[in-house]
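What follows is a single structure, written as structure tokens, with notes after it.
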Amino acid sequence: MEDLSLHILDIVENSIKANAKNIEIKILIDKKNDIIKVTIKDDGKGMTEDELKIAFDPFYTSGKNKKTGLGLSLLRDSALKAEGNVDIVSEINKGTEIQAYFKISHPDMIPLGDLSKTMLVMVAANRDKQFRLSHIYNGLEFNFDTAEFKAHKTDIVSYLKQIKDKLEEYKNFLEIIKGDLYGI
Ligand SMILES: Nc1ncnc2c1ncn2[C@@H]1O[C@H](COP(=O)(O)OP(=O)(O)O)[C@@H](O)[C@H]1O
Ligand SMILES: [Mg+2]
75 MEDLSLHILD
85 IVENSIKANA
95 KNIEIKILID
105 KKNDIIKVTI
115 KDDGKGMTED
125 ELKIAFDPFY
135 TSGKNKKTGL
145 GLSLLRDSAL
155 KAEGNVDIVS
165 EINKGTEIQA
175 YFKISHPDMI
185 PLGDLSKTML
195 VMVAANRDKQ
205 FRLSHIYNGL
215 EFNFDTAEFK
225 AHKTDIVSYL
235 KQIKDKLEEY
245 KNFLEIIKGD
255 LYGI
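Here my numbering is used: the first residue of the sequence shown is 75, the next is one more, and so on.
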């Protein structure tokens, strides 16, 4: 997996498969402490203790049509390479929280990727879900909540237009972060 946004896409797909209605994504970049923390929390079906024990196993999947389950294991590989790790907290019938953290300055830290586009894809493909995003970078903050945009049941075109406009703002926010982080 080449960037963080694609990992997020993959982890959110697990939440969708677990029948979550609400998906919360938090990205916290703390430049001073050289850490980036990504949390993805859902209210899906959760995992049993036995499922939790093997969740990182690349050969374990509850999916019916494939032999391997790589999402969590690839995320952990990326995190470990950048001196980070992944924690899972999950409760059956309540939901799941995945927290990944990385050392930002590490040479093997993966790029952030196109987070704005990834958000758009996830929201557009899952209009029946509520997505919340909170991205914090030092003193700056970008917040997004699909519940603010009510038109999704009646007017899909207008719903997507509003989402797109809001995510344009996110794009600008990300440009500022990238400039500050990588000096570009
Ligand atoms: N958010 C989640 N809610 C419930 N179960 C999950 C969640 N994320 C992962 N799992 C469980 O962990 C397994 C492994 O996930 P993953 O590594 O992404 O592989 P895959 O999705 O290909 O099966 C899934 O098959 C599923 O059983
Ligand atoms: Mg998966």
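Virtual Cβ for every residue (Gly too), placed ideally from N, Cα, C. Predicted, not measured: the structure shown is a model, and the values here were computed from it.
Item                                                                                               : Value
Any heavy atom of ligand 2 nearer than 5 Å to the CB - residues listed                             : Asn88, Gly145
Alpha-carbon to alpha-carbon, Asn93 and Ser136                                                     : 14 Å
Beta-carbon spacing of Asp186, Ser79 below 8 Å                                                     : For the record, residue 186 in the displayed sequence is Leu; it is not Asp. Their beta carbons are under 8 Å apart, which means Leu186 touches Ser79 by this criterion.
Through-space distance from Tyr233 to Ser147, alpha-carbon basis                                   : 35 Å
Any non-hydrogen atom of ligand 1 closer than 7 Å to Thr113 Cβ                                     : no
Candidates Asn88, Asp254, Asp116: closest to Asn212 by CA position                                 : Asp254
Beta-carbon proximity of Leu83 to Thr220, cut-off 8 Å                                              : no
Check: Met193 C-beta below 7 Å from any heavy atom of ligand 1                                     : no
Ala153 Cβ short of 7 Å to ligand 1 heavy atom set                                                  : no
Thr220 Cβ short of 7 Å to ligand 1 heavy atom set                                                  : no
Straight-line Cα distance separating Ala174 from Ala156                                            : 11 Å
Proximity winner among Phe216, Gly120, Thr228, Lys119, relative to Leu189 (alpha-carbon distances) : Phe216
Supposed contact pair Arg206 and Phe218 - C-beta distance, whole angstroms, cut 8 Å                : 7 Å
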